[in-house]
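Respectively, the protein sequence lines represent chains A and B. Last residue of the first sequence? That's 412 in the numbering used here, and every number before it is there in order. Last residue of the second sequence? That's 824 in the numbering used here, and every number before it is there in order. Heads up: the structure comes next, in C-alpha cells.
Protein chains: 2
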Amino acid sequence: MKINADRLLNDLKQLRSFGATGPGVVRLALSPVDMQSRRWLADRMTDAGLNAVIDGVGTVFGRSSKSGPALLIGSHTDTQPTGGWLDGALGVIYGIEIARALAESDATHHLAVDVASWMDEEGTFSSFLGSRSFVGEPVDESILNARDREGLLLRDALANAGLDGTPRVRVDKSRHKAYLEPHIEQGGRLEAAGKSIGVVTTIVGIRELRLRFKGQRNHAGTTPMSIRRDAGAALVSFIARMDEAFSTLADADTVWTVGRIDLDPGSFSVVPGQAEMYLQFRDANAQRLNAMEAALATLVSEFNAAHKVTVEIIACDQPEEPVVMDSALQQHLASAAEALAPGHWERMPSGASHDAQVLAHHLPACMLFVPSIGGVSHDFIEDTAEEHIVLGCQVAANAAVAILQDLWERQS
Amino acid sequence: MKINADRLLNDLKQLRSFGATGPGVVRLALSPVDMQSRRWLADRMTDAGLNAVIDGVGTVFGRSSKSGPALLIGSHTDTQPTGGWLDGALGVIYGIEIARALAESDATHHLAVDVASWMDEEGTFSSFLGSRSFVGEPVDESILNARDREGLLLRDALANAGLDGTPRVRVDKSRHKAYLEPHIEQGGRLEAAGKSIGVVTTIVGIRELRLRFKGQRNHAGTTPMSIRRDAGAALVSFIARMDEAFSTLADADTVWTVGRIDLDPGSFSVVPGQAEMYLQFRDANAQRLNAMEAALATLVSEFNAAHKVTVEIIACDQPEEPVVMDSALQQHLASAAEALAPGHWERMPSGASHDAQVLAHHLPACMLFVPSIGGVSHDFIEDTAEEHIVLGCQVAANAAVAILQDLWERQS
Numbered sequence: 001m002k003i004n005a006d007r008l009l010n011d012l013k014q015l016r017s018f019g020a021t022g023p024g025v026v027r028l029a030l031s032p033v034d035m036q037s038r039r040w041l042a043d044r045m046t047d048a049g050l051n052a053v054i055d056g057v058g059t060v061f062g063r064s065s066k067s068g069p070a071l072l073i074g075s076h077t078d079t080q081p082t083g084g085w086l087d088g089a090l091g092v093i094y095g096i097e098i099a100r101a102l103a104e105s106d107a108t109h110h111l112a113v114d115v116a117s118w119m120d121e122e123g124t125f126s127s128f129l130g131s132r133s134f135v136g137e138p139v140d141e142s143i144l145n146a147r148d149r150e151g152l153l154l155r156d157a158l159a160n161a162g163l164d165g166t167p168r169v170r171v172d173k174s175r176h177k178a179y180l181e182p183h184i185e186q187g188g189r190l191e192a193a194g195k196s197i198g199v200v201t202t203i204v205g206i207r208e209l210r211l212r213f214k215g216q217r218n219h220a221g222t223t224p225m226s227i228r229r230d231a232g233a234a235l236v237s238f239i240a241r242m243d244e245a246f247s248t249l250a251d252a253d254t255v256w257t258v259g260r261i262d263l264d265p266g267s268f269s270v271v272p273g274q275a276e277m278y279l280q281f282r283d284a285n286a287q288r289l290n291a292m293e294a295a296l297a298t299l300v301s302e303f304n305a306a307h308k309v310t311v312e313i314i315a316c317d318q319p320e321e322p323v324v325m326d327s328a329l330q331q332h333l334a335s336a337a338e339a340l341a342p343g344h345w346e347r348m349p350s351g352a353s354h355d356a357q358v359l360a361h362h363l364p365a366c367m368l369f370v371p372s373i374g375g376v377s378h379d380f381i382e383d384t385a386e387e388h389i390v391l392g393c394q395v396a397a398n399a400a401v402a403i404l405q406d407l408w409e410r411q412s
Numbered sequence: 413m414k415i416n417a418d419r420l421l422n423d424l425k426q427l428r429s430f431g432a433t434g435p436g437v438v439r440l441a442l443s444p445v446d447m448q449s450r451r452w453l454a455d456r457m458t459d460a461g462l463n464a465v466i467d468g469v470g471t472v473f474g475r476s477s478k479s480g481p482a483l484l485i486g487s488h489t490d491t492q493p494t495g496g497w498l499d500g501a502l503g504v505i506y507g508i509e510i511a512r513a514l515a516e517s518d519a520t521h522h523l524a525v526d527v528a529s530w531m532d533e534e535g536t537f538s539s540f541l542g543s544r545s546f547v548g549e550p551v552d553e554s555i556l557n558a559r560d561r562e563g564l565l566l567r568d569a570l571a572n573a574g575l576d577g578t579p580r581v582r583v584d585k586s587r588h589k590a591y592l593e594p595h596i597e598q599g600g601r602l603e604a605a606g607k608s609i610g611v612v613t614t615i616v617g618i619r620e621l622r623l624r625f626k627g628q629r630n631h632a633g634t635t636p637m638s639i640r641r642d643a644g645a646a647l648v649s650f651i652a653r654m655d656e657a658f659s660t661l662a663d664a665d666t667v668w669t670v671g672r673i674d675l676d677p678g679s680f681s682v683v684p685g686q687a688e689m690y691l692q693f694r695d696a697n698a699q700r701l702n703a704m705e706a707a708l709a710t711l712v713s714e715f716n717a718a719h720k721v722t723v724e725i726i727a728c729d730q731p732e733e734p735v736v737m738d739s740a741l742q743q744h745l746a747s748a749a750e751a752l753a754p755g756h757w758e759r760m761p762s763g764a765s766h767d768a769q770v771l772a773h774h775l776p777a778c779m780l781f782v783p784s785i786g787g788v789s790h791d792f793i794e795d796t797a798e799e800h801i802v803l804g805c806q807v808a809a810n811a812a813v814a815i816l817q818d819l820w821e822r823q824s
C-alpha cells in the first residue's frame with residue numbers, strides 16, 4: 001500500500017492557503033477562514049470516501065463507511081496567532097491520505113480509518129475543545145464562559161460559525177480501538193540527531209504558575225539602594241536561585257521557562273513595587289514534576305524569610321500529568337519506521353501537548369513525529385523537508401495497516 | 413518676618429482639592445482640572461500683591477510690583493498620573509506665602525519675590541516645558557510634536573486650554589538674580605537621619621537606556637535547555653553581572669534601576685525570542701556616570717562574545733548631567749536652617765530632577781527639601797508632617813530675606 005506523495009503535498013499546500021500569511025498561517029479557531037478551511041476539509045474527506053460532518057464544536061469528522069474496528073487518525077487545523085503551516089495540519093491531511101490509500105488497494109480497502117480535525121487545540125478559546133468534547137469530557141462550562149483574547153465568547157463564536165444546535169460527535173468505543181496522531185516534532189531533537197522519524201513514548205506533564213513579588217514602589221532617584229524594596233530586583237534574584245535548584249533536579253529532557261515578566265508600574269523612574277512572572281516546567285516523569293514543585297515551595301519560604309520583598313504563588317493552573325503512549329501501538333510505529341528508515345528513527349518524549357493526551361485516557365493512543373527544520377514552531381517560518389513529510393506519511397500508513405490487521409486478528 | 417502657618421496650610425489644602433483622588437491628586441498638565449487650579453493660583457498671587465498671568469505654555473507667573481533685584485521662587489503644580497498632594501505644589505505655595513509675608517513687614521516690604529508654577533514638570537507632554545520656555549530654550553518643536561500617553565498633541569492641549577496666541581513669560585536677567593525651589597525630598601534620607609531640612613548640593617545626573625536581547629523564539633516544551641537561545645534568561649543573567657559591575661563603582665548615593673522588562677511574546681509556552689529592559693542610573697558625579705556607562709558598554713561586548721543571545725543598546729536618552737547648586741545661596745539656606753533647626757538639617761544631593769536644573773544654567777539657583785513620610789512620592793499616600801511643612805516655609809522665607817538683602821547690598 002503506497003500513499004500518493006503529490007496528492008498529500010498538494011492537499012497540505014491547499015490547506016495552507018486558508019489564512020496564509022507570508023510563509024506562515026493565521027487560522028485561529030472558529031475564525032471565518034478557519035470555518036472555510038473546515039468546509040474544504042469536509043469535502044476532501046467526502047472525496048476520500050468518508051462520511052464527513054462539522055460537529056457542534058466545529059470538529060471535522062470523517063467516518064469511514066467500513067465497519068470497525070476503526071483506527072482514528074487525527075490532529076488539528078486551527079493555528080497559533082502566528083502559526084506555521086504544518087502544526088496540526090500535517091496529521092489531519094495524513095489521515096485523509098491514508099484513508100484514500102487504503103481504499104485504493106485491494107489488500108486494505110476493507111480497513112476502517114476515521115479522520116478528525118479537532119477544534120481549538122491551540123486554545124484560542126479553550127484548549128483541546130474538540131478532542132475533549134469527543135471523549136465526553138464536560139465542555140459545556142467552557143462553551144458558556146470561555147473567551148478569546150479580544151473578549152469574544154466561545155458560545156458567540158460557535159453561533160457565528162452557524163454551529164448552534166449541531167450535534168457533537170462522540171467516541172464510539174465499540175468501533176474506535178486506537179488513535180494515531182502524526183505531528184511535526186516542534187523541536188530540534190530529531191534534526192540534531194540526524195533522524196527522520198520520532199516514535200513518542202510519553203507526552204510530558206506540565207506545571208504552570210504565576211509568582212508575584214511585592215515590595216515598595218518608590219522614586220528611582222531619591223531612594224538609596226540600601227533601603228529599596230525593589231520587587232523587580234527580587235524577581236531577578238529569585239530566578240537565579242530557581243535555575244540552580246531546578247538544575248540539580250533536571251535530566252536532559254526537563255525544561256523550564258520564564259515566559260513573561262511584568263514590573264509595576266513599568267517606567268524608567270520608578271522602583272517597581274510589584275513584579276510578576278509566568279513560570280512553566282515540563283517533564284515526562286511525574287515524580288520529578290512533584291519534586292520541582294516542592295523545591296519551588298521551599299524557595300518561596302526561604303525567600304520570604306530572608307528578604308524585604310515577599311513572593312507568593314498567585315495562580316497555579318490545573319497540572320497536566322505525563323501521559324504514556326500505548327506500547328503495542330508504539331511498537332507498530334517503530335517497526336514501520338525501521339522498515340522504511342532503518343536506523344533513522346528514535347523513541348522520544350513529546351515536549352508539547354497534543355490532542356493525543358486527551359484521547360489516551362479513553363483509547364490506546366500513539367504519536368509519530370517528523371523533524372521540524374531548525375526546531376522552529378509556533379512561528380511563520382516553521383517548516384519540514386518534503387522528503388520527511390512524505391516518509392512520515394508512508395510510515396504512518398504502514399503502521400496503520402499493521403495496527404488494523406492486528407485489531408482484525410484480535411477481533412476474529 | 414514671620415510666615416502665616418494657617419494661611420500656608422489652608423492654601424495647600426485648597427490646591428489639593430483640584431484633582432483630589434483619595435489622599436492623592438491627579439492633576440495632569442493642561443487637563444481641565446489643572447487649568448482650573450492655575451486660575452485659582454493666579455487669584456492667590458493677585459491677592460498676594462503680585463501681577464499674575466497664565467502664559468502661553470500655561471505657566472502661572474506672579475511678578476512683584478517692587479523693583480528688582482528679585483528672587484524667583486518656583487516649582488510646579490502639575491502631578492504624576494498617581495500624584496501626591498505636595499510634590500511641586502509645596503514650593504509654589506511657599507512662594508506665594510513668602511511674597512505675602514514679606515509685604516506684611518515694614519522691614520521687608522520693599523523686597524521683590526516673583527513666583528512661578530512651571531508647566532508640565534512631570535512630563536505629561538514634555539518635561540520642564542514651563543521652565544525651559546522661561547529661560548529661552550527652544551520649545552517650539554516640543555509644542556509641535558509632543559503628545560501625552562493617549563496621543564493628544566501638546567499643541568492641541570494648549571489650544572484646548574485657551575492659550576493660543578498668549579505670550580510666553582521670559583526670564584529678565586536684569587531683575588531675576590536668584591532662583592529658589594523648595595520641594596519635598598521624595599526620598600527617605602532626611603527621615604532616616606532624623607533631620608527636618610535638606611539643603612541641596614547637586615541635582616544628580618541621569619542616564620536612561622533601553623537594552624534589547626535577541627535570541628530565538630521557540631516552543632517551551634520541545635526545545636531542550638541545552639539548545640535554547642532564551643532572550644529572557646539572558647536578560648536575567650545580564651542584570652546579575654551589571655549589578656556586580658555597578659556595585660564596585662557606586663558610592664552610597666549612586667542608584668540604578670531596572671524599571672521595566674518585556675519578554676516577547678510573553679506567554680507561558682514560548683521561549684522568549686526577544687527581551688527588553690529599561691535601565692536608569694543616577695549620580696551626582698559626572699565621572700562616575702561616565703564610568704558606569706563605560707562599564708555597561710564593556711559588559712555588552714563581553715556578553716555578545718560569550719553568549720548565543722546578543723544584546724544591544726537600542727535607545728539612549730539625552731544624558732542629564734549633574735547640576736551643582738549655587739554655593740552662596742546654599743549657604744543662606746544653611747544659615748537659616750541652622751538658626752531655626754540647629755543640628756536638624758543636612759546637605760544632600762537631589763536624586764530627583766527639578767525645574768531648578770533648568771534655571772541653574774541661567775541664574776544662581778538653590779533648593780530646599782522637607783522630609784517625605786516613609787520616603788514615599790509619586791504615590792497617592794505621599795505626605796509630609798505639618799510641622800515640617802511650616803518649618804520649611806519659615807526657613808525658606810528667612811533665607812529669601814537674607815538672599816535679597818545680599819542682592820540689594822551688592823547692587824548698591
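Glycine residues also receive a C-beta, built at the ideal position from the N, C-alpha and C atoms. As the structure is a prediction and not an experimental result, all values here were calculated from the model.
DSSP places A/F134 in the helix class (H, G or I) of the three-state scheme. Residues of chain B whose Cβ lies closer than 7 angstroms to the Cβ of A/F268 are, in chain order, E620, G671, Y690, Q692. The straight-line gap separating the alpha-carbon atoms of A/I73 and A/A116 is approximately 6 angstroms. For B/E750, the three-state secondary structure derived from DSSP is helix. Positions of the alpha helix (DSSP H) runs, each at least 4 residues long and wholly inside the stretch 571-628 of chain B, are given as 601-605 in order along the chain.
Here the stretch 474-491 of chain B lies against the stretch 432-440 of chain B, with 3 or more beta-carbon pairs under 8 angstroms apart. Close to chain A, meaning a Cβ-Cβ distance shorter than 8 angstroms, are the following residues of the stretch 748-782 of chain B: S762, G763, A764, S765.
B/V648 sits in a helix when the DSSP states are folded into three classes.
Of the residues assessed, A/I197 falls on the buried side of the cut-off, its CB having 16 or more other CB atoms within 10 angstroms. Per the Cβ contact rule, the stretch 223-238 of chain A is in contact with the stretch 668-679 of chain B (3 or more Cβ pairs under 8 angstroms).
By the beta-carbon neighbour count (other beta carbons within 10 angstroms, threshold 16), B/P761 is buried. Within chain A, not a single residue places a beta-carbon under 8 angstroms from that of B/G496; the smallest gap is close to 10 angstroms. Under DSSP, B/Y690 forms a beta bridge with B/R622, B/R672. Secondary structure remark: continuous alpha helix (DSSP H) runs of at least 4 residues inside the stretch 339-387 of chain A, in chain order: 356-359. Taking 9 angstroms as the cut-off between beta carbons, the residues of the stretch 633-650 of chain B near chain A are G633, T634, T635, P636, M637, S638, I639, R640, D642, G644, A645, L647, V648, S649, in sequence order. For A/A245, same chain residues with a beta-carbon under 7 angstroms away, outside a window of 5 residues either side, are A295, L299 in chain order. Counting of Cβ neighbours within 10 angstroms places B/I508 among the buried residues, the total reaching 16 or more.
Linking A/N285 to A/V204 through their CA atoms gives a straight-line distance of about 7 angstroms. Taken through DSSP and simplified to helix, strand or coil, A/W118 comes out as strand. Taking 9 angstroms as the CB threshold, A/L263 lines the interface with chain B. Here A/W118 is near A/G130, since their CB atoms are less than 9 angstroms apart. Only those residues of the stretch 591-603 of chain B whose C-beta falls short of 9 angstroms from the nearest C-beta of chain A are listed: E597, Q598, G599, G600, R601. For B/N630, the closest Cβ of chain A is nearer than 9 angstroms. The beta carbon of B/A524 is closer than 6 angstroms to those of S476, K478, G480, A482 in its chain, skipping five residues each way along the sequence.
For B/R451, the secondary structure class from DSSP, reduced to helix, strand or coil, is helix. Within chain A, V236, S237, A240 have C-beta atoms less than 9 angstroms from the C-beta of B/A652, given in sequence order. Going by C-alpha positions, A/P167 is about 36 angstroms away from A/L209. By the 16-neighbour rule on beta-carbons within 10 angstroms, B/N630 is buried. B/A764 is the residue among B/A460, B/A764, B/Q692 whose C-alpha sits nearest the C-alpha of B/R601. For the set A/E382, A/Q394, A/K177, the Cα lying nearest the Cα of A/R410 is the one of A/K177. Against chain A, the CB of B/T666 has a partner CB under 9 angstroms away; the residue lies at that interface. Take the alpha-carbon of B/N810 and the one of B/D560: they are about 39 angstroms apart.
The alpha carbon of A/I313 has as its nearest neighbour, out of A/D326, A/E293, A/H307, the alpha carbon of A/E293. B/D499 and B/I415 do not touch by the CB rule: their CB atoms are close to 21 angstroms apart, not below 8 angstroms. A/L249 is not a Cβ neighbour of A/A306, given a cutoff of 9 angstroms. By the beta-carbon neighbour count (other beta carbons within 10 angstroms, threshold 16), A/L404 is buried.
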